[in-house]
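Heads up: the sequence shown begins at 1 in the UniProt record's numbering, then just goes up one per residue. All C-beta atoms, glycine included, are put in the ideal place defined by N, C-alpha and C.
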Amino acid sequence: MMQSINPANGELLFEIETWDDETLDYVVTQAGYMFGDWGKLTPIEDRCTLMRRVADVLRDDVDLLAELITLEMGKTYAEAKAEVEKSAWVCEFYAEHGPAYLADEPVQTDASKSYVAYLPLGVVFAVMPWNFPFWQVFRFAAPALIAGNTGLLKHASNVPQCALAIEEVFRKAGFPDFVFSTLMIGSDKVEQVIRHPMVKAVTLTGSENAGRQVAAIAGSELKKTVLELGGSDAFIVLDDASMQVAVENAVKGRFLNMGQSCIASKRFIVDQMQADKFIAMFKEAVEGHFVAGDPMDPETTLAPMARQDLLDELHEQVMHSVEMGATLVCGGYQLDREGCYYAPTILTDVNSSMPAWYEEFFGPVAIVIKSTEPAHALGIANSVDFGLGGSIWTSDMATAETMARGMESGATFVNSITFSDPRMPFGGVKNSGYGRELSVQGIREFTNVKSIWIK
């Protein structure tokens, strides 16, 4: 049984029985059969036309879909609407650029004709998280389907209505049945789907532990995987940075989506000459900005976390770090009200032995660490096992670019918080995963990069 529970008040919104093995096998098999029509017989121009219709449906239904996101996982209604709009954007982006990204590439050889072709693989199985329940799915689906693959979605079990609504978006846009299918299954069925002979590739956005498990299963079947896992992004503030600008963006970078984002800024590494000023300004900004309330209310700026167990885990990490000597500047408690509301929290005096240094904190908790010089700051940034994103705040562009190249991450932003953009590849290194989504690299991940040589 899957249940949808409103994290703002604990109300049971929806429940649905999970599928039995017979139903699951039927849908996966049909997706495999459909690949023959979709990937091999449907021209890419037609696939792009349908993807543009998906963008239209998302925009036409944005109010309803955004409300569904807010009710199921708790983010503010404004953030939910922005997520639906971004999902429409990625559909339009690939509808416009997909044909060029997938076009044959001539190669000069001794042959009379030689080129590289980008051909679809078949059925791609996507295991997706709850934190951006629409964006994460469309970030995978738009390029994968335009490339000619068919898609299967196993969504997080706490957002079943979002999962079904996404399938309905594709249906309303005119996609044939089984080109995109939502699987009503729990995590216990993931291995079964990966090992299904119709499935040719797997993509997962989720925890490091889930990534290891999926990679091991897919690896045993020699099936392609793309993994976007956890992050502990550094937000480096050098001594010449504007403190006002840095603090304003620190609030955005850490507390967007209540901090429940892989690419949220999590570790604020601040030059020791500016650190005390930064901490004081950061505390004032945090305490003055957030107002808890119904996430559907436009006045609300502090929304609930998605589930109580996630809040409890975060609080345990915070308290463990405090017990080991970290200083609690503000927050560090669940609000005394109905729902999964956690007070925005700032920790300082953190060292490398504490969870706040080396673990991912998936919620509204900011960790401030002092650095002595740029090289020291970069060393702190690179000291963790994660490598998803990061940002550098400075007026010295030469130093910034050198540090950006030296940061062990899939993306580094200068004087901007980290975000995903269809025009740029997205993914991590180290324990943050491998492979890329978005841009030209993303659409080619689930293709057969095939060499054609004609004498």
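Extent of the continuous alpha helix (DSSP H) run through residue i
i	result
Asp25	Asp21 to Trp38
Asp271	Where Asp271 is concerned, there is no enclosing alpha helix (DSSP H), although the beta strand (DSSP E) it sits in stretches over Ser265 to Asp271.
Tyr333	Element bounds for Tyr333: n/a, residue is neither H nor E.
Pro143	Trp135 to Ile146
Val159	Val159 -> no alpha helix (DSSP H), and no H or E assigned at all.
Ala8	That residue, Ala8, is in no alpha helix (DSSP H); it is neither H nor E in DSSP.
Leu311	Gln308 to Glu323
Pro355	Pro355 to Tyr358
For residue i: DSSP bridge partner residues
i	result
Val350	Per DSSP, none; premise fails for Val350.
Leu152	Phe125 and Ser181
Glu437	Phe426
Glu15	Gln3
Lys450	Ala117
Lys261	The sequence shown places Ser at residue 261, rather than the Lys named in the question. Paired residues: none, contrary to the question.
Ala292	Leu302
Trp393	Val237
Gln244	The partner list for Gln244 (beta bridge, DSSP) is empty, contrary to what the question assumes.
Phe413	Ser391
Lys370	Val270
Val365	Thr345
Arg386	According to the sequence provided, residue 386 is Phe. The question's Arg does not apply to it. Answer by DSSP bridge pairing, in chain order: Lys430.
Residue closest to residue i, alpha-carbon to alpha-carbon, out of the options
i	options	result
Phe278	Gln244, Cys262, Pro304 and Phe255	Gln244
Met34	Asp421, Ser439, Met198 and Gln317	Met198
Thr301	Thr42, Met2, Thr23 and Lys75	Lys75
Arg307	Met73, Ala142, Val322 and Arg139	Met73
Asp246	Ile392, Val449 and Glu316	Correcting the residue identity first, residue 246 is Ala in this sequence and not Asp. Among Ile392, Val449 and Glu316, the Cα nearest to that of Ala246 belongs to Ile392.
Ile69	Leu227, Asn158 and Val251	Asn158
Ser416	Gly253, Ala142 and Ala111	Gly253
Lys86	Ser420, Val350 and Phe361	Ser420
Ser432	Met1, Ala141, Thr205 and Ile16	Thr205
Met407	Met296, Asp233 and Phe268	Asp233
Ala31	Phe178, Met424 and Phe125	Phe178
Lys224	Thr203, Ala241 and Asn209	Thr203
Ala343	Gly219, Val350 and Gly332	Gly332
Glu323	Asp309, Thr348, Glu338 and Arg337	Thr348
Glu191	Phe255, Ala216 and Gly410	Ala216
Val226	Gln3, Gln441, Asn9 and Lys450	Gln441
Val54	Ala264, Lys172 and Val116	Lys172
Thr447	Val62, Ala147 and Gln272	Ala147
Glu445	Lys370, Thr327, Pro160 and Arg139	Arg139
Phe132	Ala117, Ala163, Pro143 and Leu119	Ala163
Glu67	Ile369, Glu83 and Arg52	Glu83
Cys48	Tyr94, Leu24, Asn351 and Thr23	Tyr94
Val365	Met397, Glu313, Phe386 and Thr399	Glu313
Pro160	Ile346, Glu15, Pro422 and Lys430	Glu15
Residue i - containing beta strand (DSSP E), residue span
i	result
Val127	Val123 to Val127
Tyr341	Careful: Tyr341 lies outside any beta strand (DSSP E) and carries neither H nor E.
Ser432	It is not in any beta strand (DSSP E) - Ser432 carries neither H nor E in the DSSP assignment.
Leu328	Thr327 to Cys330
Ser420	First-last for Ser420: undefined, no H or E at that position.
beta-carbon residue i near the ligand GDP non-hydrogen atom, thresh 8 Å
i	result
Pro425	With respect to small molecules bound, the structure shown includes none, and the ligand GDP cannot be examined in it.
Residue i, buried or exposed, once every other Cβ within 10 Å from all chains shown has been counted against 16
i	result
Thr341	Residue identity check: residue 341 is Tyr in the sequence provided, not Thr. Buried, since its Cβ has 16 or more Cβ neighbours within 10 Å.
Asp21	exposed
Glu284	exposed
Lys200	buried
Leu41	exposed
Lys113	exposed
Ile236	buried
Lys455	exposed
Arg267	buried
Glu17	exposed
Ser353	exposed
Ser187	exposed
residue 464	Nothing about residue 464 can be read from this structure; the chain reaches only from 1 to 455.
Ser4	buried
Lys154	buried
Arg436	buried
Lys450	exposed
Glu228	buried
Ala398	exposed
Glu338	exposed
Gly410	buried
Leu13	exposed
Cutoff 9 Å: residue i Cβ touching any chain C Cβ
i	result
Asn382	Reference to chain C is not applicable here, since this structure consists of a single protein chain.
For this session: Please specify which runs of the beta strand (DSSP E), each continuous and at least 3 residues long, are wholly inside the stretch 173 to 234, giving them in chain order.
Result: 180 to 182, 199 to 205 and 224 to 228
Exercise. Quick one: complete alpha helix (DSSP H) runs, 4+ long, within the stretch 45 to 126?
Worked result: 62 to 73 and 77 to 101
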